[in-house]
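Enquirer:
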Amino acid sequence: MNYGMVLRVIGNLIVFEAFSMVTALAVAFYYKSSDIYAFVNTIMIMLIVGYPLSKFKVKNKDMKHKEAISIVTFGWFVVSAFGALPFMFTGALPSFTDAFFETVSGLTTTGASVLTDIESLPRGLMFWRSFLHWTGGMGILVLTLAIMPTIGVGAFQIFKAETPGPVADKLVPKMKDTARILYTVYLGITVIQVTLLMVGGMSFYDALVNTFGTVGTGGFSNYNASIGHYQNHYFYFVIGFFMVASGVNFSLYYELYRGRVKTIFSNIEFKVYIGIVIAATLLVFFNILGRYESIPATLNQAFFQVSSIITTTGYATTDFDLWPDFSKGILFLLMFVGASAGSTGGSIKVIRLIILFKLVKREVLKILHPRATIPVQINGKMLNTDVISGVTGFFFLYMLLFVGGTLLVSLENVGLVSAASAVAATLGNIGPGLDFVGPTKNYSLFSDATKWLLSFMMLFGRLELFTFFIVMTPSYWKKV
19 MNYGMVLRVI
29 GNLIVFEAFS
39 MVTALAVAFY
49 YKSSDIYAFV
59 NTIMIMLIVG
69 YPLSKFKVKN
79 KDMKHKEAIS
89 IVTFGWFVVS
99 AFGALPFMFT
109 GALPSFTDAF
119 FETVSGLTTT
129 GASVLTDIES
139 LPRGLMFWRS
149 FLHWTGGMGI
159 LVLTLAIMPT
169 IGVGAFQIFK
179 AETPGPVADK
189 LVPKMKDTAR
199 ILYTVYLGIT
209 VIQVTLLMVG
219 GMSFYDALVN
229 TFGTVGTGGF
239 SNYNASIGHY
249 QNHYFYFVIG
259 FFMVASGVNF
269 SLYYELYRGR
279 VKTIFSNIEF
289 KVYIGIVIAA
299 TLLVFFNILG
309 RYESIPATLN
319 QAFFQVSSII
329 TTTGYATTDF
339 DLWPDFSKGI
349 LFLLMFVGAS
359 AGSTGGSIKV
369 IRLIILFKLV
379 KREVLKILHP
389 RATIPVQING
399 KMLNTDVISG
409 VTGFFFLYML
419 LFVGGTLLVS
429 LENVGLVSAA
439 SAVAATLGNI
449 GPGLDFVGPT
459 KNYSLFSDAT
469 KWLLSFMMLF
479 GRLELFTFFI
489 VMTPSYWKKV
């Protein structure tokens with residue numbers, strides 16, 4: 019293990035987080051809110067710790083897979099721990115458990131909260147809470163790669179370890195250029211959404227906060243009633259549309275920029291993803307028909323909540339926990355679907371479900387034609403056995419964590435639906451669940467032990483399970 023390399027990159031990561039927190043400090047200064055010193059103290063602590071580490075001398079700059087996994091796993095822990103300090107220093111969440119839960123939820127773009135009164139937060143802290151979504155959405159380490167190329171050789175290993183999806187591919191030969199392309203797209207979508215929300219009459223501050231939660235598919239709003247606070251169907255549609263857009267594989271936007279439109283519409287994951295959104299929206303729409311003031315309003319509500327859950331954003335415009343069981347069942351199933359690989363969304367991902375469906379289809383055909391060789395193809399390319407075994411292993415581990423986590427959370431005596439949806443919502447990085455953790459409630463009443471369990475679930479889901487589990491195996495720490 020090249021510990022020097024690991025410490026140096028984590029040091030760079032802490033320094034980057036300190037500089038990113040300056041944005042929240044600037045907001046606090048602008049609004050003259052009470053959290054100025056909380057950010058100043060946190061930034062000072064991070065620079066004192068991070069700067070010496072970032073200057074750690076490394077003789078061997080070759081980063082192997084083991085170092086990349088260590089950087090990603092421990093990097094997310096370290097960033098979450100430091101990011102929690104403003105919550106504690108302001109007294110908004112004096113418990114480290116609660117502050118860590120809230121920060122992990124922000125960075126992993128989960129959107130689960132333990133705050134009972136969001137609107138009472140100082141403006142700077144509220145901004146920081148949502149900005150965590152934006153930095154964590156595409157991956158804080160990928161963002162670091164985009165603006166700190168001094169990390170050096172081996173950056174692709176970090177990219178592979180952090181990027182959601184079964185396969186991580188560079189768009190261009192140099193990793194730092196790939197990271198910059200992805201974040202250019204990310205920034206572009208952010209600017210467009212902020213502009214459209216402001217055109218509709220939303221303030222610049224609110225537009226930023228809600229866009230961070232949308233593009234990062236996180237779901238932290240600055241109001242207790244989430245997006246439902248605005249009672250504005252234009253805002254519902256704009257945010258719903260951009261939630262769906264943020265659930266698309268970001269590499270397809272690069273293909274669009276290059277004029278390869280056919281590549282997008284021939285992409286099987288994109289077609290299935292959009293198909294699921296349309297089908298689920300229509301099913302929910304017909305099931306809740308008559309509950310809202312008009313047919314367009316009902317369709318908008320259905321579209322918004324389907325978009326929010328499948329993209330694992332977690333915003334709400336209404337208490338969908340009061341909807342019929344059929345609609346709630348659809349939303350619960352969507353928690354296990356997720357958006358596209360290479361997007362900011364969480365959960366299992368559409369491409370994995372497509373591969374699993376093709377595997378089932380292949381097994382059925384093998385029974386009918388025992389001697390036939392039936393390859394599994396995606397977008398005209400044959401998948402190798404490593405990808406197939408990785409997908410099946412991921413699905414099994416995901417369901418194992420869901421079942422095990424549900425049993426542990428059920429010890430809180432909150433009911434099986436609440437326990438299952440809490441685990442599904444945190445493991446899938448969704449946020450709100452059903453019943454005890456419904457859209458009008460939060461996670462504050464859970465015990466500290468359960469909050470730590472759900473914090474780990476959020477990290478498991480964000481780091482695609484295997485990255486986290488590898489570090490926990492004894493063989494990982496053995497010298498080769």
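Mapping to my numbering: the sequence shown position 381 is 399, numbers consecutive. Ideal placement from N, C-alpha and C gives every residue a C-beta, glycine not left out. All figures in this text were calculated on a predicted structure; none of them were measured in a lab.
1. Can you tell me which of Met475, Gln323, Pro342 puts its alpha carbon nearest to the alpha carbon of leucine 418?
2. Taking DSSP as the reference, what is the three-state secondary structure of isoleucine 392?
3. Secondary structure at methionine 490, three-state DSSP: helix, strand or coil?
4. Taking just the CA atoms, how far does isoleucine 207 sit from phenylalanine 259?
5. Just the Cα atoms here: how many angstroms apart are phenylalanine 487 and phenylalanine 478?
6. DSSP three-state call for lysine 289: helix, strand or coil?
7. Do threonine 134 and tyrosine 254 have their CB atoms nearer than 9 Å?
8. Per DSSP, what kind of secondary structure is methionine 62 in: helix, strand or coil?
9. Just grab the DSSP bridge partners of glycine 475 for me.
10. Relative to the C-alpha of glycine 332, which candidate in Val24, Ser148, Ile392, Tyr201 has its C-alpha closest?
11. Would proline 104 be called buried (16 or more neighbouring beta carbons within 10 Å of its own) or exposed?
12. Tell me the DSSP bridge mates of lysine 75?
13. Is methionine 353 helix, strand or coil when you go by DSSP?
14. Do isoleucine 327 and isoleucine 245 come within 9 Å of each other at the CB atom, strictly closer than that value?
15. Extract the residue ranges of the alpha helix (DSSP H) inside the stretch 84-118, only unbroken runs of 4 or more that lie entirely within it.
16. Am I right that asparagine 267 and glycine 360 are in contact with their C-beta atoms under 8 Å? What's the rounded C-beta distance?
17. Starting from tryptophan 152, trace the alpha helix (DSSP H) both ways and give me its first and last residue.
18. Taking three-plus beta-carbon pairs below 8 Å as touching, is the stretch 21-30 in contact with the stretch 88-96?
19. I need the boundaries of the alpha helix (DSSP H) containing glutamine 319, first residue and last residue.
20. Pick out whichever of Thr362, Val256, Ile366, Lys379 has its Cα sitting closest to the Cα of leucine 351.
21. Is it buried or exposed for serine 72, if we count other Cβ within 10 angstroms and need 16 for buried?
22. Comparing C-alpha positions only, which one of Lys496, Val302, Ala117, Asp224 sits nearest to phenylalanine 145?
23. Out of Ile372, Thr362, Leu426, which has the shortest C-alpha to C-alpha gap to glycine 446?
Expert: With the given structure in hand:
1. The count along the sequence shown starts at 1 and reaches residue 418 at position 400. The candidate whose alpha carbon is nearest that of leucine 418 is Met475.
2. Your numbering for residue 392 matches position 374 in the sequence shown. DSSP places isoleucine 392 in coil when its eight states are reduced to three.
3. In the sequence shown, residue 490 corresponds to position 472, counting from 1. Coil at methionine 490, not helix or strand.
4. Counting from 1 along the sequence shown, the entry for residue 259 is found at position 241. Counting from 1 along the sequence shown, the entry for residue 207 is found at position 189. About 11 Å.
5. Position 469 of the sequence shown holds residue 487. Position 460 of the sequence shown holds residue 478. A direct Cα-Cα distance of roughly 8 Å separates phenylalanine 487 from phenylalanine 478.
6. For this step, residue 289 is matched to residue 271 along the sequence shown. Helix at lysine 289.
7. As a first step, residue 134 must be located in the sequence shown, where it is residue number 116. As a first step, residue 254 must be located in the sequence shown, where it is residue number 236. Cβ distance not < 9 Å, so threonine 134 and tyrosine 254 don't count as in contact.
8. Residue 62 sits at position 44 when you count from the first residue of the sequence shown. If DSSP states are grouped into helix, strand and coil, methionine 62 belongs with the helices.
9. Here residue 475 corresponds to residue number 457 of the sequence shown, with the count starting at 1. Note that residue 475 is methionine in the sequence shown, not glycine. Beta-bridge pairing links methionine 475 to no other residue.
10. Position 314 of the sequence shown, counted from the first residue, corresponds to residue 332. Among Val24, Ser148, Ile392, Tyr201, the Cα nearest to that of glycine 332 is on Ser148.
11. Position 86 of the sequence shown, counted from the first residue, corresponds to residue 104. Around the beta carbon of proline 104, 16 or more other beta carbons lie within 10 angstroms, which makes this residue buried.
12. If you number the sequence shown from 1, residue 75 lands on position 57. Paired residues: none, contrary to the question.
13. Here residue 353 refers to the residue found at position 335 of the sequence shown. In the structure shown, methionine 353 sits in coil (DSSP, three-state: anything other than H, G, I, E or B).
14. To locate residue 245, count along the sequence shown from 1; it is residue 227. To locate residue 327, count along the sequence shown from 1; it is residue 309. It is not a contact, given that the beta carbons lie outside the stated cut-off.
15. 103-108
16. Looking up residue 267 in the sequence shown gives position 249. Looking up residue 360 in the sequence shown gives position 342. Asparagine 267 to glycine 360, Cβ: 4 Å. Contact.
17. Position 134 of the sequence shown, counting from 1, holds the residue named residue 152. That run of the alpha helix (DSSP H) goes 141-155.
18. yes
19. Here the question's residue 319 lines up with position 301 in the sequence shown. Element bounds for glutamine 319: 313-328.
20. The count along the sequence shown starts at 1 and reaches residue 351 at position 333. Leucine 351 has its Cα closest to that of Ile366, out of Thr362, Val256, Ile366, Lys379.
21. The residue given as residue 72 occupies position 54 in the sequence shown. Its Cβ being crowded by 16 or more others within 10 Å, serine 72 is buried.
22. Residue numbering aside, residue 145 sits at position 127 when the sequence shown is read from its first letter. Comparing Cα-Cα distances from phenylalanine 145 to each of Lys496, Val302, Ala117, Asp224, the minimum goes to Asp224.
23. Taking the first residue of the sequence shown as position 1, residue 446 is located at position 428. For glycine 446, the nearest C-alpha among the options comes from Thr362.
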